[in-house]
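If you use mature numbering (1 follows the signal peptide of the UniProt record, and there is no 0), the sequence shown corresponds to residues -19 to -1, 1 to 261, in order.
Glycine included, every Cβ here is placed at the ideal spot set by N, Cα and C.
To keep things clear, I will list the structure first and then write my remarks on it.
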Amino acid sequence: MALFLVRTRLFACRTMTASTQTYCSSVTSGRQHVNGVDMYYEQTGRGKHAVLLLPGALGSTRTDFGPQLKSLNKECFTVIGWDPRGYGQSRPPERDFPLDFFERDAKDAVDLMTALGFSKFSMLGWSDGGITALIAAARNPSLINKMVVWGSNAFVSQQDLDICNAVRDVTKWSARMRQPMEEVYGAELFAKTWEAWVDGYAQLAKKPEGSICIELLPLINCPTLIIHGEKDPMVANFHPHFLHKHVKGSRLHLMPEGKHNLHLRFAAEFNKLVEEFLEN
């Protein structure tokens, strides 16, 4: 049985640095022992429909989902944000990137929700979190209600490798872009972990077709909404169309002005779109 370690009640106004959004609400936070790691999570809302938020590379619930924790309908949804192993407040352990790190995250995510008592839930997955969600949905069809993914891909192309290598050196990032992650990890650990992520991601390109989860897409049977910002500099436009083609019954919604962080930049539009999809 999973060991419940810490549970605190927070009634505070937090400023979400990554999104420049502030949210004031009742948030339950805690750590749940899952697969050898004390996983940090935050929970808000009291609705019957449980929704798990899955962050991007090196991301955490606090850096990646401020507007969603604040504004998703708390009467309809119980929203759970988590920090994957080695990220945010789910440390130790130090994050590593074996060939199966996405599969590992998917198992951790599902096992966390099960340990928290949710027998069925939906997922909102951004970037790496979207990949994790796709794998989790394919592996656990009976547990997943609905899924929304954005900024995600099922394979690694040469173009993807070029994009990652171009942003490998975080000292070349703007201070504004580095700040949220440096506040979480410190400058040195952030730079080290980011380089490790780039290397971990690049190794997937050596697999047949550069597959991350191509072979799993036909196994997904939950209603799926794929969102893509047409100005996303990190994920090429062919990726969402590939997902839409191979995830049966999926819907594709394009946001002409959206970039990689469309859920932060256009939070009201994004949240409305997601709520309508999850409720209907």
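Just how far apart, CA to CA, sit residue i and residue j?
i: R232; j: H225; result: 7 Å
i: V32; j: A186; result: 31 Å
i: V129; j: L105; result: 5 Å
i: F83; j: S7; result: 31 Å
i: R159; j: W175; result: 11 Å
i: F46; j: Y68; result: 14 Å
i: K153; j: G28; result: 43 Å
i: E256; j: N202; result: 20 Å
i: L259; j: N54; result: 11 Å
i: Q13; j: K229; result: 34 Å
i: A147; j: D141; result: 10 Å
i: T59; j: S103; result: 10 Å
i: P237; j: E211; result: 5 Å
i: N218; j: D19; result: 36 Å
i: S71; j: W107; result: 18 Å
i: H222; j: L39; result: 26 Å
Could you work out which residue in the options is closest to residue i when comparing CA atoms only?
i: N261; options: N126, A186, Y22, E250; result: N126
i: P74; options: R27, E176, N16; result: N16
i: F247; options: H209, F223, F258, I193; result: H209
i: L197; options: F136, R66, E163; result: F136
i: K112; options: L39, C194, D77; result: One detail in the question is off: residue 112 reads as Ile in this sequence, not Lys. The candidate whose alpha carbon is nearest that of I112 is C194.
i: H227; options: D45, A119, R85, D81; result: A119
i: M215; options: L235, H234, K240, G230; result: K240
i: I61; options: G98, D77, R72; result: G98
i: N121; options: W107, R76, S100; result: S100
i: D81; options: E169, K188, C145; result: K188
i: K64; options: D77, T44, D180, E164; result: Here residue 64 is Asp; the residue named in the question, Lys, does not match the sequence. Checking every option, the nearest Cα to that of D64 belongs to T44.
i: D213; options: I144, P79, L200; result: I144
Determine the burial state of residue i: buried for a count of at least 16 other Cβ atoms within 10 Å of its Cβ, exposed for fewer.
i: A172; result: buried
i: T205; result: buried
i: A87; result: buried
i: K51; result: buried
i: E23; result: buried
i: Q184; result: exposed
i: L245; result: buried
i: residue 262; result: As displayed, the chain neither begins before -19 nor continues past 261, which places residue 262 out of reach and without an answer.
i: S133; result: buried
i: L243; result: buried
i: L235; result: exposed
Does DSSP classify residue i as helix, strand or coil?
i: A31; result: strand
i: E164; result: helix
i: L105; result: strand
i: E23; result: strand
i: S10; result: strand
i: L146; result: This sequence places Asn at residue 146; Leu is not what is there. Residue state, collapsed to three classes: helix.
i: A132; result: According to the sequence provided, residue 132 is Gly. The question's Ala does not apply to it. Coil at G132, not helix or strand.
i: K55; result: coil
i: V18; result: strand
Inset, instruction - Enumerate, from N- to C-terminal direction, the unbroken alpha helix (DSSP H) stretches of 4 or more residues contained entirely within the stretch 185 to 260. - result: 219 to 227, 243 to 246, 248 to 260
Legend entry - Ranges of the alpha helix (DSSP H) found wholly within the stretch 58 to 94, counting only runs of at least 4: none
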